[in-house]
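Before any comments, here is the structure.
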Amino acid sequence: MKKIRRFSIYYMFLLTLIFTVVVTAVYEIHVDRIEVNEKIKLQKIILQVLDVPVPEGAEDREVLDIFNKRVKSKDVEGNTIYIATSENGESVEGYAIGLQGPGFWGPVYGMMGISPQLDRVLGIAFYKHSETPGLGGRITEFWFIDQFKGKKIGDIQGEQKPFFRLKSPGTAKASNEVDAITGATGTSRAVERLINKDLRRSLPLLAQLR
Amino acid sequence: MAKLTSQAIIIKGLWTDNPVFRQILGICSALAVTNLMVNTLIMGLSLIFVTALSNVTVSILRNITPTRIRMMVQTLIIASYVIIVDILLKAYLPDISEALGAYVGLIITNCIIMGRCEAFARQNSVWPSFVDGIASGVGYALVLLAVAFFRETAGFGSVFGLPVIPSEWTRWTIMVMPPGAFFMLGVIIWVVRSIGDKELKKDETTS
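In the order they appear, the protein sequences are chains A and B. Residues 75 to 284 (the numbering used here) are what the first sequence spells out, left to right. Residues 1426 to 1632 (the numbering used here) are what the second sequence spells out, left to right.
In structure tokens form, the structure reads like this:
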């Protein structure tokens, strides 16, 4: 019996080693390509929230060109801010800030576009999360993020009032309220928290840039 | 146990022992990814790839794998192939990888693959195991494509993204959501079992 058990252990160890090496090799071969894909995806999101038009079905090369032409990134106190400039590069057309915070299951990552006067939301989008598909995962759906488009950002520095509130669908009344997601209370509360936190943190930094 | 010909294996995987409508396996992904045909196609191809290769690997190792740890070994093999598929999708088809999301990883938990490894690949040689993996995978993929065909045409009015139904016709949005998949799958199981059971009854009376 002992002999068989020892063989099982060696066998399992060796097999795991072989497969781990193979999987790692496949990953290493493709890691650069995957990173380029991630970069293009982020650039598409940033262009989207800044309301910079990208043609339907644009190739990666085209997205890269539009991004490099219309968007500059700047580092302010450790935060990366993306600045959208007009076609001729003369005027600023918006700022994009990162949204990041704990969701219900895991970290949620998004971007928010803000108007040059810092008074309106140009758009938001979420590009990475681990929320429940069909429930919390609906934060990526058009109807949800479209609610924020054009919303006024209140001037509430110094107070603890939130910039935006997520309310039960159908009960959102005030100009700073939007519909939460039915059946996804945890995700809705988490997203509300992180949007407010990042706005509170980023608005003073954007004011410095203007 | 009589040795099965390749043809017999294929017929079993596609019809008589179809994993979805006979064995009722792999239902989770059948409901989740079938709202669009292109997603279903990639999911089906991924599953065929993983099932075939897992079957082959389990078959190659069948005589030296200690029986007590065979399930750990099968899980290791299946998980490795699924991760490789996930990496390849992320690298070459990033949009589809995102659309499929967690469901690619969930192929590891798909009972069809483990089922074939346990029931077939463990006791059979490499080539029949390979054929069985392909047949079961194709059986799964065809059923899912059938479900997806109805869900996409009724819910989006398109087939593989190409619009086929004029936009004046009201879309059945429920078909895009899981309940629509449940109904569609139920109807398909009902139809094929009615045809299949009729065949069985005929065989019983003639033999």
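Every residue gets a Cβ at the ideal spot worked out from N, C-alpha and C, and that includes glycine.
| Asked | Found |
| --- | --- |
| Tell me whether residue 1430 of chain B sits in a helix, a strand or coil according to DSSP, three-state version. | coil |
| Name the residues in the stretch 1531-1561 of chain B whose C-beta lies less than 8 angstroms from a C-beta of chain A; which are they? | none |
| For residue 1572 of chain B versus residue 1533 of chain B, is the C-beta spacing smaller than 7 angstroms? | no |
| Please identify, using Cβ separations under 7 angstroms, the residues of the stretch 76-89 of chain A that lie next to chain B, in order along the chain. | 78, 81, 82, 85, 86, 89 |
| Among A:121, A:127, A:138, A:217, which has the Cα closest to the Cα of residue 111 of chain A? | A:138 |
| Taking residue 1390 of chain B and residue 1564 of chain B to be in contact with their CB atoms under 8 angstroms, please state how far apart those CB atoms are, rounded to whole angstroms. | This structure does not reach residue 1390 of chain B, given that chain B is present from 1426 up to 1632, and the question cannot be answered. |
| What does a CB cutoff of less than 7 angstroms around residue 242 of chain A pick up in its chain, not counting 5 residues either side in sequence? | 254 |
| Which bits of chain A does residue 1515 of chain B rub up against, with CB to CB less than 8 angstroms? | 104, 108, 111 |
| Output yes if chain B places a C-beta closer than 7 angstroms to the C-beta of residue 100 of chain A; else output no. | yes |
| For residue 276 of chain A, which residues in the same chain have their Cβ closer than 6 angstroms to its Cβ, ignoring the five residues on either side in sequence? | 171 |
| Per the DSSP calculation, residue 119 of chain A is bridged to which residue(s)? | DSSP, once it has assigned bridges, lists no residue as partnering residue 119 of chain A. |
| So, is residue 1542 of chain B buried or exposed, given that buried needs 16 or more other C-beta atoms within 10 angstroms? | buried |
| Bridge partners of residue 1602 of chain B, per DSSP? | In DSSP, residue 1602 of chain B forms no bridge with anything. |
| Report back the beta-carbon spacing between residue 174 of chain A and residue 268 of chain A to the nearest angstrom; my notes put them in contact at under 8 angstroms. | 7 angstroms |
| Which residues in chain B have a C-beta closer than 8 angstroms to the C-beta of residue 216 of chain A? List them in chain order. | Neighbours of residue 216 of chain A on chain B: none; closest Cβ ~14 angstroms, over 8 angstroms. |
| Using only alpha-carbon positions, find the residue among B:1452, B:1434, B:1505 that is nearest to residue 1561 of chain B. | B:1434 |
| Using three-state DSSP, classify residue 129 of chain A as helix, strand or coil. | coil |
| Using the three-state DSSP reduction, which class does residue 167 of chain A fall into: helix, strand or coil? | strand |
| Please tell me whether residue 1633 of chain B has its Cβ less than 7 angstroms away from any Cβ of chain A. | Residue 1633 of chain B cannot be examined here, being either before or after the span of chain B that is shown, 1426 to 1632. |
| Since residue 224 of chain A and residue 203 of chain A should fall inside the 8 angstroms C-beta cutoff, what is the C-beta to C-beta distance between them, to a whole number of angstroms? | Not quite, the Cβ-Cβ distance comes to about 24 angstroms (not below 8 angstroms), so this is no contact. |
| Would DSSP call residue 200 of chain A helix, strand or coil? | strand |
| Can you list, in chain order, the residues of its chain with a C-beta nearer than 7 angstroms to that of residue 1607 of chain B? Leave out the 5 residues immediately preceding and following it. | 1456 |
| If you compare alpha carbons, which of B:1511, B:1520, B:1545, B:1601 is closest to residue 1530 of chain B? | B:1511 |
| What does a CB cutoff of less than 7 angstroms around residue 239 of chain A pick up in its chain, not counting 5 residues either side in sequence? | 250, 251, 266 |
| Taking a cut of 9 angstroms between CB atoms, which residues from the stretch 174-188 of chain A lie near chain B? | none |
| Residue 1505 of chain B touches chain A at which residues, Cβ-Cβ below 7 angstroms? | 93, 96, 97 |
| Between the beta-carbon of residue 1576 of chain B and the beta-carbon of residue 1611 of chain B, is there less than 7 angstroms? | no |
| If we count the other Cβ atoms within 10 Å of its Cβ and call it buried at 16 or more, is residue 168 of chain A buried or exposed? | buried |
| Measure from the C-beta of residue 1461 of chain B to each C-beta in chain A and report whether the shortest distance is under 7 angstroms. | no |
| Of all the residues that make up the stretch 1491-1503 of chain B, which are near chain A by a beta-carbon distance shorter than 8 angstroms? | 1491, 1493, 1494, 1497, 1498, 1501, 1502 |
| Compare the C-alpha of residue 1524 of chain B against each of A:158, A:184, A:215 and name the closest. | A:215 |
| Check the DSSP bridge columns for residue 149 of chain A and list the partner residues they point to. | A:154 |
| Less than 7 angstroms between CB atoms is the rule here; does residue 1508 of chain B satisfy it with respect to chain A? | yes |
| Mark residue 1553 of chain B as exposed unless 16 or more other C-beta atoms lie within 10 angstroms of its C-beta, in which case mark it buried. | buried |
| Where residue 205 of chain A and residue 260 of chain A are concerned, what is the direct C-alpha to C-alpha distance, given to the nearest angstrom? | 10 angstroms |
| Checking 7 angstroms against the spacing of the C-beta atoms, do residue 1559 of chain B and residue 1451 of chain B come in under that value? | no |
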